[in-house]
Amino acid sequence: MYFRLDESAIVESEEIKPGVILDYDANDNVVGIEILNLSKRVSLEMLKSLQFETA
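The numbers in the working numbering rise by one with no breaks, and the one at position 14 of the sequence shown is 16.
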């Protein structure tokens, strides 16, 4: 699953935990979050009820 938080160009990526990758812009802001194999990490019921908040 990938969440794009901003349309800035991605200049760097970092795997902060196995299967969790953050994408950064030139100002070191997080502009994307990738979670690999999400369906293997959480149950289908949890996926159905994911809620996201933005600042």
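All residues carry an ideal CB built from backbone N, CA and C; glycine is no exception. Since this is a predicted model, take the numbers as computed values, not measurements.
Quiz item: residue 24 and residue 10: beta carbons closer than 8 angstroms?
Solution: no
Quiz prompt | Residue closest to residue 37, alpha-carbon to alpha-carbon, out of 49, 28, 30 | solution = 49
Quiz item: Rounded to a whole number of angstroms, what is the C-alpha to C-alpha distance between residue 20 and residue 39?
Solution: 10 angstroms
Quiz item: What span of residues does the alpha helix (DSSP H) with residue 41 cover, start to end?
Solution: 40-43
Quiz item: How about residue 34 and residue 12: do their beta carbons lie closer than 8 angstroms?
Solution: yes
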